[in-house]
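As structure tokens, the structure follows; a few thoughts come after it.
2 protein chains.
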Amino acid sequence: MSQEEILAEKKKAIFESTLELVRENGFHGTPMSLVAKKAGVAAGTIYHYFDSKDTLIIALHGYLRSRMFKTMLDGDDETRDFESRFFTFWKKHYHFYVQNPNALYFIEQFVNSPYYERCPEKENDRCQNIIAQFLKTGIETGVLKQMNLKLMSILVHSSVVTTAKVSLTKKVEIGETELQQVAQVIWDGIKQ
Amino acid sequence: MSQEEILAEKKKAIFESTLELVRENGFHGTPMSLVAKKAGVAAGTIYHYFDSKDTLIIALHGYLRSRMFKTMLDGDDETRDFESRFFTFWKKHYHFYVQNPNALYFIEQFVNSPYYERCPEKENDRCQNIIAQFLKTGIETGVLKQMNLKLMSILVHSSVVTTAKVSLTKKVEIGETELQQVAQVIWDGIKQ
DNA sequence: TTTTCCCAATTGAACGTTCATTCGGTAGGC
DNA sequence: GCCTACCGAATGAACGTTCAATTGGGAAAA
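Below you can see the structure in the form of structure tokens.
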């Protein structure tokens with residue numbers, strides 16, 4: 004095993020530990036000592052990889068972003084018609100969040116906190132960009148309404164996030180029927 | 004001025020102070036000493052009204068809820084047709100959030116934090132209930148799609164919140180046109 | 001091949017600070 | 001004289017961060 008892989012492993016352990024603890028206890032309820040313990044490293048080790056707690060949290064956010072990015076890209080069959088591509092797309096995003104609840108809650112906490120202000124990638128939300136790029140073709144080909152692209156992307160994205168949160172908190176049982184219904188609502192809303 | 008009103012004034016000052024500081028610095032970046040200073044009271048005084056910092060924050064959340072509740076109820080003209088009532092309703096909600104950004108950000112931080120788990124009013128979200136009650140008549144009269152009421156309410160509510168956040172962060176300039184557009188997307192999505 | 005040396009990785013106890021909370025005391029209305 | 005509202009310095013625990021010490025693997029020297 005190479006030096007680099009070991010390095011990556013420790014870093015990853017710290018990330019995973021932080022992710023879980025922040026989800027459970029929030030930013031302020033997550034002491035570095037606990038992060039260290041859960042990650043199986045010494046407290047000082049964290050500071051070998053990150054300058055401070057804030058840096059760690061901002062880095063974790065970036066790490067989650069890129070993981071999400073990778074997951075969300077593949078599996079799009081461009082030969083199919085735009086409508087069914089939209090539904091597949093929407094549901095895939097939904098499932099990603101449901102399968103990664105820790106990431107969802109961390110990110111939601113993060114973007115609503117003052118951390119987000121200081122976040123370098125704030126402007127270039129790649130996750131939003133993936134959606135935007137997809138919707139763009141829909142608008143250009145006249146399948147979707149003429150509308151500010153960014154605005155439409157955010158609306159679609161927020162519907163996914165909202166539905167995932169509803170599902171995870173079990174406020175409403177989300178089966179295949181409900182999933183289809185919600186996606187349909189958004190589709191009917193944006194289609195020309 | 005009655006005893007009660009004086010009491011209300013100090014309490015309110017503490018609430019407002021907390022609200023502003025939490026919005027700016029997050030929960031963990033808001034020490035009680037600062038809350039006290041900004042509210043113009045002694046640190047100990049806060050503990051005359053609240054058992055702990057957590058209690059204060061949960062109480063503030065309840066306080067904001069009831070203020071929102073009051074604001075959002077009035078101004079509905081039941082004689083008009085359902086569609087235009089929906090648009091007025093949607094926009095009124097939007098404007099409330101835009102005019103109370105501190106409340107919006109506080110609540111968004113709150114509901115995504117572990118505080119929310121321990122929140123007694125978690126189940127009975129009155130704000131969601133107002134929306135639900137309104138949409139209910141729409142579903143019953145066949146103007147809206149047949150769909151889980153709670154789910155529809157949450158979707159509508161989240162679209163309002165999302166749009167307000169977009170507007171406040173100026174990611175997209177939200178004028179009357181854009182506002183109408185977004186409301187239209189949601190309306191087209193839920194209408195029968 | 002063996003020995004030496006170096007440096008990055010790692011440790012965890014110790015430090016200094018920050019912060020929530022406490023508490024003894026004052027003021028004033030009833 | 002009692003009770004409620006209020007004060008703010010003092011307290012002690014918790015926490016982020018530091019640092020002197022240790023390890024181990026690999027490169028350079030022998």
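Here the protein sequences come in this chain order: Y and U.
Here the working numbering is used: the first residue of the first sequence is 4, the next is one more, and so on.
Here the working numbering is used: the first residue of the second sequence is 4, the next is one more, and so on.
Positions of the beta carbon are idealized from the N, C-alpha and C atoms, including for glycine.
Residue 111 of chain Y classed as buried or exposed, judged by whether at least 16 other C-beta atoms fall within 10 angstroms: Start at 1 with the first residue of the first sequence, and residue 111 of chain Y comes out as number 108. Its Cβ being crowded by 16 or more others within 10 Å, residue 111 of chain Y is buried.
Bridge partner(s) assigned by DSSP for residue 147 of chain Y: The residue you call residue 147 of chain Y lines up with position 144 of the first sequence. Partner(s): Y:194.
Extent of the continuous alpha helix (DSSP H) run through residue 82 of chain Y: On the first sequence, residue 82 of chain Y is found 79 positions in, with the first residue counted as 1. Note, residue 82 of chain Y: premise wrong, no alpha helix (DSSP H); not H, not E.
message: Here's the rule: buried if 16 or more other CB atoms are within 10 angstroms of the residue's CB, otherwise exposed. What is residue 115 of chain Y?
response: Here residue 115 of chain Y refers to the residue found at position 112 when the first sequence is read from its first residue. By the neighbour-count rule (16 or more Cβ atoms within 10 Å), residue 115 of chain Y is buried.
- prompt: Of the choices Y:145, Y:146 and Y:138, whose alpha-carbon is the least far from that of residue 157 of chain Y?
  reply: Residue mapping note: residue 157 of chain Y aligns to position 154 of the first sequence, counting from 1. Closest by alpha carbon: Y:138.
message: Using beta carbons (cut-off 8 Å, strictly below), is residue 5 of chain U in contact with chain Y?
response: Indexing the second sequence from 1 puts residue 5 of chain U at position 2. Because the pLDDT at residue 5 of chain U is just 41, under 50, the model does not fix this residue reliably, and the value given afterwards should be weighed accordingly. So, not an interface residue.
- request: Would you mind telling me which residues of chain U sit closer than 9 Å to residue 86 of chain Y, beta carbon to beta carbon, in chain order?
  value: In the first sequence, the residue the question calls residue 86 of chain Y occupies position 83. Correct list: empty, because the minimum Cβ distance to chain U is about 14 Å.
task: Between the Cα of residue 151 of chain Y and those of U:14, U:188 and U:79, spot the shortest distance and give me the residue it belongs to.
output: Your numbering for residue 151 of chain Y matches position 148 in the first sequence. The candidate whose alpha carbon is nearest that of residue 151 of chain Y is U:188.
message: If you reduce the DSSP assignment to three classes, tell me which class residue 18 of chain U lands in.
response: Taking the second sequence and counting its residues from 1, one reaches residue 18 of chain U at position 15. Helix.
- request: Identify whether residue 65 of chain Y lies in helix, strand or coil by the three-state DSSP scheme.
  value: The residue given as residue 65 of chain Y occupies position 62 in the first sequence. Helix.
Assumed close pair residue 15 of chain U, residue 48 of chain U - CB separation to whole angstroms, cut-off 8 Å: Within the second sequence, numbered from 1, the residue matching residue 15 of chain U stands at position 12. Within the second sequence, numbered from 1, the residue matching residue 48 of chain U stands at position 45. About 13 Å separates the two Cβ atoms, so there is no contact after all.
query: Exposed or buried, residue 192 of chain Y, counting other C-beta atoms within 10 Å across all chains shown (16 or more means buried)?
result: In the first sequence, residue 192 of chain Y corresponds to position 189, counting from 1. So residue 192 of chain Y counts as buried.
query: What is the rounded straight-line gap between the Cα of residue 53 of chain U and the Cα of residue 24 of chain U?
result: For the purposes of this step, residue 53 of chain U is taken as residue 50 along the second sequence, with counting starting at 1. For the purposes of this step, residue 24 of chain U is taken as residue 21 along the second sequence, with counting starting at 1. Rounded to whole angstroms, residue 53 of chain U to residue 24 of chain U spans 17 Å at the Cα level.
message: Residues of chain Y with CB closer than 7 Å to the CB of residue 165 of chain U, please, in chain order.
response: For the purposes of this step, residue 165 of chain U is taken as residue 162 along the second sequence, with counting starting at 1. Within 7 Å Cβ-Cβ: 157, 158 and 161.
task: Would you tell me roughly how many angstroms separate the C-alpha atoms of residue 20 of chain Y and residue 171 of chain Y, rounded to the nearest one?
output: Along the first sequence, read from residue 1 onward, the residue named residue 20 of chain Y stands at position 17. Along the first sequence, read from residue 1 onward, the residue named residue 171 of chain Y stands at position 168. Going from the Cα of residue 20 of chain Y to the Cα of residue 171 of chain Y covers about 21 Å.
- request: Verify whether the separation of the beta carbon atoms of residue 154 of chain U and residue 179 of chain Y is less than 8 Å.
  value: Numbered from its first residue, the second sequence carries residue 154 of chain U at position 151. Numbered from its first residue, the first sequence carries residue 179 of chain Y at position 176. Result no, Cβ atoms of residue 154 of chain U and residue 179 of chain Y do not sit closer than 8 Å.
field: Where residue 67 of chain Y meets chain U, residues with beta-carbon distance less than 7 Å
entry: In the first sequence, residue 67 of chain Y corresponds to position 64, counting from 1. Under the 7 Å cutoff, chain U gives no residues; its nearest Cβ is about 15 Å from residue 67 of chain Y.
- prompt: Mind listing which residues of the stretch 76-107 of chain Y have their C-beta closer than 8 Å to chain U's C-betas, in chain order?
  reply: none
Candidates U:195, U:80 and U:94, of which the one nearest residue 186 of chain U by Cα: The residue given as residue 186 of chain U occupies position 183 in the second sequence. It is U:94 whose Cα lies nearest to the Cα of residue 186 of chain U.
Reduced DSSP secondary structure (H/G/I, E/B, other) of residue 39 of chain U: As a first step, residue 39 of chain U is located in the second sequence; it is residue number 36 there, counting from the start. Correct three-state label for residue 39 of chain U: helix.
- prompt: At a Cβ threshold of 8 Å, is residue 145 of chain U touching chain Y?
  reply: The residue labelled residue 145 of chain U in the question sits at position 142 within the second sequence. So no, residue 145 of chain U is outside the interface.
query: If you drop the 5 nearest sequence neighbours on each side, which residues of the same chain put their C-beta closer than 7 Å to that of residue 35 of chain Y?
result: Walking along the first sequence from the start, residue 35 of chain Y turns up at place 32. Here the set comprises 46, 49 and 56.
query: Which residues in chain U sit within 8 Å of residue 35 of chain Y, going by Cβ to Cβ distance?
result: Here residue 35 of chain Y refers to the residue found at position 32 of the first sequence. In chain order: nothing, as chain U lies at least about 13 Å away.
field: Stretch-stretch touch, CB-based, cutoff 8 Å, three pairs: the stretch 90-104 of chain U with the stretch 116-127 of chain U
entry: no
query: At least one CB of chain Y closer than 8 Å to the CB of residue 136 of chain U: is that the case?
result: As a working mapping, residue 136 of chain U is identified with position 133 in the second sequence. Judged by the 8 Å Cβ criterion, residue 136 of chain U is not in contact with chain Y.
- request: Would you mind sorting residue 83 of chain Y into buried or exposed? The rule is 16 or more other CB atoms within 10 Å of its CB.
  value: If you number the first sequence from 1, residue 83 of chain Y lands on position 80. So residue 83 of chain Y ends up on the exposed side.
query: With respect to 7 Å, is the separation between the Cβ of residue 105 of chain U and the closest non-hydrogen atom of the ligand ZN below this value?
result: With respect to the ligand ZN, the structure shown offers nothing to examine, as it has no ligands at all.
query: Where does residue 54 of chain U fall in DSSP's three states?
result: Within the second sequence, residue 54 of chain U is the residue found at index 51, counting from 1. Of the three classes helix, strand and coil, the one that applies to residue 54 of chain U here is coil, per DSSP.
Terminal residues of the alpha helix (DSSP H) in which residue 168 of chain U lies: Your numbering for residue 168 of chain U matches position 165 in the second sequence. Taken as a continuous stretch (DSSP letters only), the alpha helix (DSSP H) holding residue 168 of chain U covers 152-172.
query: Rounded to the nearest angstrom, how far is the Cβ of residue 195 of chain U from that of residue 148 of chain U, given a contact under 8 Å?
result: The residue labelled residue 195 of chain U in the question sits at position 192 within the second sequence. The residue labelled residue 148 of chain U in the question sits at position 145 within the second sequence. Between residue 148 of chain U and residue 195 of chain U the Cβ distance is about 5 Å, and since that is below 8 Å, they are a contact.
message: Counting only beta-carbon separations shorter than 8 Å, does residue 117 of chain Y have a partner in chain U?
response: Counted from its first residue, the first sequence places residue 117 of chain Y at position 114. With 8 Å as the cut-off, residue 117 of chain Y counts as an interface residue toward chain U.
- prompt: Given a threshold of 16 other Cβ atoms within 10 Å of its Cβ, counted over all protein chains shown, does residue 73 of chain U qualify as buried or as exposed?
  reply: Counted from its first residue, the second sequence places residue 73 of chain U at position 70. Counting Cβ neighbours within 10 Å, residue 73 of chain U comes out exposed, since fewer than 16 surround it.
query: Using 8 Å as the limit for Cβ to Cβ distance, is residue 191 of chain Y near chain U?
result: As a working note, residue 191 of chain Y is residue 188 in the first sequence. Interface residue, yes.
query: For residue 162 of chain U, does the count of other Cβ atoms within 10 angstroms reach 16, so buried, or fall short, so exposed?
result: Taking the second sequence and counting its residues from 1, one reaches residue 162 of chain U at position 159. It is buried - the Cβ of residue 162 of chain U has at least 16 other Cβ atoms within 10 Å.
- prompt: Relative to the alpha-carbon of residue 108 of chain Y, which residue among Y:22, Y:18 and Y:135 has its alpha-carbon at the smallest distance?
  reply: Here the question's residue 108 of chain Y lines up with position 105 in the first sequence. Cα-wise, what sits closest to residue 108 of chain Y is Y:22.
- prompt: How long is the line joining the alpha carbons of residue 42 of chain Y and residue 92 of chain Y, rounded to whole angstroms?
  reply: Here residue 42 of chain Y refers to the residue found at position 39 when the first sequence is read from its first residue. Here residue 92 of chain Y refers to the residue found at position 89 when the first sequence is read from its first residue. Whole-angstrom Cα-Cα distance: 34 Å.
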